[in-house]
Ligand SMILES: Nc1ncnc2c1ncn2[C@@H]1O[C@H](COP(=O)(O)OP(=O)(O)O)[C@@H](O)[C@H]1O
Ligand SMILES: [Mg+2]
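Protein chains in written order, with the numbering used here: chain A, 35 to 323; chain B, 2 to 253.
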């Protein structure tokens, strides 16, 4: 009896993992299948590095450089805003706050990490964009700066909570070792605790990066949507994700524009693949002889 | 003639409402090994940690009395706690090397102080590893992770790390309780060699260990210093009934 149960369970687990793998392969296959035909029309170099995204002109232009840079700038801006705040608060919660405060702060941050991105987008459109338009006397508050700010606020809880976990799981004995050698509390944090937690911290940053570059709803709502290389942080931008979301409805299945949006998806897929690969390499335990 | 290096005077300590140490008067002599023995929970670690102010960060810790290092009260206002900790090294019960290279473990204390050149640090690392009898085993892999060392080697690395600060006093809190008999023997011999250059205070739950290496032994019971004598004397003619009972294994 027990044997049969055991066998059934194993079979179910096997089938489940098989299905997962099939889904994954199907998605990747589908994206490449519908994306690659674009490159019969333009070379991948022109697609990646020229700046003329005019998908509905005739003849159409599919140079995605501005969209790629849009994703890059928005993500970079988000990380510049998020890193000091999230790492600072991780340090505070893990190393400085009283146990009581920590008990409250941890779940609050994890709650923030669970808010759907459309809520952040709404907040951006309704409150932040008008403020920024006023403060800096701009034509529009929907721009690179506002979207970086919102995305940054969105990834703070992710980076903070994972790097806080990494720091607080550094054994107490490491802190004692450092203090007993004459280090101050801050020297202990920066020279003993953070180096010991660096894998988790780097992982949290990569995760935040992945979240920011893949985020669609926020940038669709607040980035402004101009397919141009921004000349200042207050100009609108158009990342790859929001381009796909916004333009998919205008395409006809199988036309070049449709293929071009899938080609953007290939770019996103490759970026995500590499950021996961780096995470993997960072986290792989070092072999010791 | 023995000379005092570090000693307490009417030392009392509380964690919150619990008084852990009661009026302790204990002296450790220059270039001698002093052992603190006693049943588990009697306050040995807490007492040891008074000598380098490692109890300070514990919330609700209160302390009265004095602890002198070379005649200076280390709890006096305006004392540089960090300097005290650099000159009173500590080795813990479980080896706790940093997850860094062997070299960077030993260099840590000096790098923190920030007043040594790279080459001075390099020399001091070598000197300290030699003093801790670890040099020959690690000299070809100084930049490997300290985590790759065996437990006994890790503990000697922790000793080397403390010695790099050139401390006057070395505090050892049951340094061999997590180690195998061979590593234990090695560390005991090492202590005997080190006492020529540093004053040693060692907490041990192992009475025989105190007998093997300590010149003086203190018996602590329920936070009270019951007896403090030359080791042979305490072991052969204990004055207090409780000491005798502990030594003969009646409790603890
Ligand atoms: N951080 C602390 N906070 C509160 N009480 C403590 C703390 N550390 C130790 N104690 C208490 O102090 C007493 C002595 O502990 P300790 O010095 O570790 O004993 P020993 O080293 O002799 O086993 C114990 O009753 C223990 O519960
Ligand atoms: Mg103890």
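C-beta: ideal position from N, C-alpha, C; glycine also.
For residue 203 of chain B, which option in B/67, B/84, B/114, B/94 has the closest C-alpha, if you only look at C-alpha atoms?
Here residue 203 of chain B is taken as the residue at index 202 of the second chain, counted from 1. Selected option, being the one with the closest Cα: B/94.
Rounded to whole angstroms, what's the CA-CA distance from residue 46 of chain A to residue 164 of chain A? Just pull it up for me.
For the purposes of this step, residue 46 of chain A is taken as the residue at position 12 of the first chain. For the purposes of this step, residue 164 of chain A is taken as the residue at position 130 of the first chain. Approximately 53 Å, taken between the alpha carbons.
Strictly by DSSP, which residues pair up with residue 96 of chain A?
Start at 1 with the first residue of the first chain, and residue 96 of chain A comes out as number 62. DSSP lists A/87 as partners of residue 96 of chain A.
Mark residue 65 of chain B as exposed unless 16 or more other C-beta atoms lie within 10 angstroms of its C-beta, in which case mark it buried.
Along the second chain, one-based indexing puts residue 65 of chain B at 64. Its Cβ having fewer than 16 others within 10 Å, residue 65 of chain B is exposed.
Assuming contact is defined by CB atoms lying nearer than 8 Å, are residue 41 of chain B and residue 206 of chain B in contact in what I supplied?
In the second chain, counting from the first residue as 1, residue 41 of chain B sits at position 40. In the second chain, counting from the first residue as 1, residue 206 of chain B sits at position 205. Yes, these two residues count as a Cβ contact at 8 Å.
Along chain B, in chain order, which residues have C-beta atoms closer than 9 Å to that of residue 137 of chain A?
Locating residue 137 of chain A in the first chain gives position 103, counting from the first residue. Those do not exist, as residue 137 of chain A stays about 15 Å from chain B at its closest Cβ, beyond 9 Å.
Can you look up residue 323 of chain A in the DSSP assignment and give me helix, strand or coil?
Locating residue 323 of chain A in the first chain gives position 289, where the first residue counts as 1. A caution first: residue 323 of chain A carries a pLDDT of 36, below 50, which makes its placement in the model unreliable, though a value can still be read off. It is coil, neither helix nor strand.
Quick one: does the C-beta of residue 123 of chain A sit closer than 7 Å to a heavy atom of ligand 2?
Within the first chain, numbered from 1, the residue matching residue 123 of chain A stands at position 89. Incorrect: residue 123 of chain A has no Cβ contact closer than 7 Å to ligand 2.
Does the Cβ-Cβ distance between residue 154 of chain B and residue 138 of chain B come in under 8 Å?
If you number the second chain from 1, residue 154 of chain B lands on position 153. If you number the second chain from 1, residue 138 of chain B lands on position 137. Yes, the Cβ-Cβ distance between residue 154 of chain B and residue 138 of chain B is below 8 Å.
Would you identify the three-state DSSP class for residue 262 of chain A, choosing helix, strand or coil?
As a position in the first chain, residue 262 of chain A is number 228, starting the count at 1. Coil.
Which stretch, first to last residue, makes up the beta strand (DSSP E) that contains residue 23 of chain B?
Start at 1 with the first residue of the second chain, and residue 23 of chain B comes out as number 22. It spans 19-25 - the beta strand (DSSP E) in which residue 23 of chain B sits, taken as one unbroken run.
If we call anything under 8 Å between Cβ atoms a contact, is residue 111 of chain A one with residue 186 of chain A?
On the first chain, position 77 is the one that residue 111 of chain A refers to. On the first chain, position 152 is the one that residue 186 of chain A refers to. Yes, the pair counts as a contact, with Cβ atoms nearer than the cut-off.
Beta-carbon of residue 216 of chain A versus every beta-carbon of chain B: anything under 8 Å?
For the purposes of this step, residue 216 of chain A is taken as residue 182 along the first chain, with counting starting at 1. Yes, residue 216 of chain A counts as interfacial toward chain B.
With 8 Å set as the bound, which would you pick, yes or no: does the beta-carbon of residue 84 of chain B sit closer than that to a beta-carbon of chain A?
The sequence position of residue 84 of chain B within the second chain is 83, counting from 1. Answer yes: the Cβ-Cβ gap between residue 84 of chain B and chain A drops below 8 Å somewhere.
Opposite residue 65 of chain B in the DSSP bridges: which residues?
For the purposes of this step, residue 65 of chain B is taken as the residue at position 64 of the second chain. Paired residues: B/13.
Within 10 angstroms of the Cβ of residue 19 of chain B, are there 16 or more other Cβ atoms? Answer buried if so, exposed if not.
Position 18 of the second chain, counting from 1, holds the residue named residue 19 of chain B. Exposed, because fewer than 16 other Cβ atoms sit within 10 Å of the Cβ of residue 19 of chain B.
Heavy atom of ligand 1 less than 7 Å from the Cβ of residue 203 of chain B, yes or no?
Sequence index remark: in the second chain, residue 203 of chain B carries index 202 (1-based). Answer for residue 203 of chain B: no, Cβ out of range of ligand 1.
Give the residues of chain A in contact with residue 109 of chain B, contact being defined as C-beta atoms less than 9 Å apart.
By 1-based counting over the second chain, the position of residue 109 of chain B is 108. Within chain A, the residues near residue 109 of chain B are 211, 212, 215, 217, 225, 226.
Would a check of beta-carbon distances place residue 2 of chain B closer than 8 Å to chain A?
Residue numbering aside, residue 2 of chain B sits at position 1 when the second chain is read from its first letter. No, because no Cβ of chain A sits closer than 8 Å to the Cβ of residue 2 of chain B.
Once you ignore the five residues that flank residue 177 of chain A on each side, which residues in its own chain have a CB closer than 6 Å to its CB?
Position 143 of the first chain, counting from 1, holds the residue named residue 177 of chain A. Excluding residues within five positions, the ones whose Cβ falls inside 6 Å are 258, 268, 269, 270.
Where DSSP assigns a beta bridge to residue 229 of chain B, which residues make up the other side?
Position 228 of the second chain holds residue 229 of chain B. Per DSSP, B/219.
Given this structure, state the Cα-to-Cα distance separating residue 89 of chain A from residue 151 of chain A, to the nearest angstrom.
Within the first chain, numbered from 1, the residue matching residue 89 of chain A stands at position 55. Within the first chain, numbered from 1, the residue matching residue 151 of chain A stands at position 117. So the alpha carbons of these two residues sit roughly 28 Å apart.
Can you give the Cα-Cα distance for residue 323 of chain A and residue 147 of chain B, rounded to whole angstroms?
Taking the first chain and counting its residues from 1, one reaches residue 323 of chain A at position 289. Taking the second chain and counting its residues from 1, one reaches residue 147 of chain B at position 146. Low confidence applies here, because residue 323 of chain A scores a pLDDT of 36, under 50, leaving its location unreliable; read the following figure in that light. The straight-line gap from Cα to Cα measures roughly 12 Å.
With DSSP run on the structure shown, which of helix, strand or coil describes residue 2 of chain B?
Along the second chain, one-based indexing puts residue 2 of chain B at 1. The answer is coil: DSSP assigns residue 2 of chain B none of H, G, I, E or B.
So with Cβ pairs under 8 Å, would you call residue 323 of chain A a contact of chain B?
Counting from one through the first chain, the residue named residue 323 of chain A turns up at place 289. Any reading at residue 323 of chain A must be qualified, since the residue scores a pLDDT of 36, below 50, and its modelled position is unreliable; no value is offered.
Pick out every residue whose C-beta is nearer than 5 Å to a heavy atom of ligand 1: which are they, in chain order?
The set, ordered by position in the chain, is B/16, B/21, B/41, B/42, B/43, B/44, B/45, B/46, B/47, B/59.
My parser needs the alpha helix (DSSP H) runs of 4 or more residues fully inside the segment 48-104 of chain B; what are they?
The segment 48-104 of chain B contains these whole alpha helix (DSSP H) runs: 82-88.
Should the segment 234-245 of chain A be called in touch with the segment 269-289 of chain A, which here means at least 3 C-beta pairs below 8 Å?
Output reads no: the segment 269-289 of chain A does not touch the segment 234-245 of chain A.
Run the proximity test for residue 199 of chain A: is its beta-carbon closer than 7 Å to any non-hydrogen atom belonging to ligand 2?
Here residue 199 of chain A corresponds to residue number 165 of the first chain, with the count starting at 1. Residue 199 of chain A: no, Cβ never under 7 Å from ligand 2.
Please list the segments of the alpha helix (DSSP H) lying wholly inside the segment 150-211 of chain B, counting only runs of 4 or more residues, in order along the chain.
Fully enclosed alpha helix (DSSP H) runs of 4 or longer: 152-164, 182-195.
Within 10 angstroms of its Cβ, does residue 169 of chain A collect 16 or more other Cβ (buried), or is it exposed?
Translated into the one-based positions of the first chain, residue 169 of chain A becomes position 135. Residue 169 of chain A should be labelled exposed.
Is it true that the segment 209-218 of chain B meets the segment 25-37 of chain B, where meeting means three or more beta-carbon pairs spaced less than 8 Å apart?
Short answer: they touch.
Closest Cβ-Cβ distance between residue 119 of chain B and chain A: below 8 Å?
Walking along the second chain from the start, residue 119 of chain B turns up at place 118. Chain A contact via Cβ: absent.
Whole alpha helix (DSSP H) runs in the segment 230-311 of chain A with 4 or more residues, listed along the chain?
Correct list: 232-248, 251-256, 274-281.
Helix, strand or coil: how does DSSP classify residue 30 of chain B here?
The residue you call residue 30 of chain B lines up with position 29 of the second chain. DSSP places residue 30 of chain B in strand when its eight states are reduced to three.
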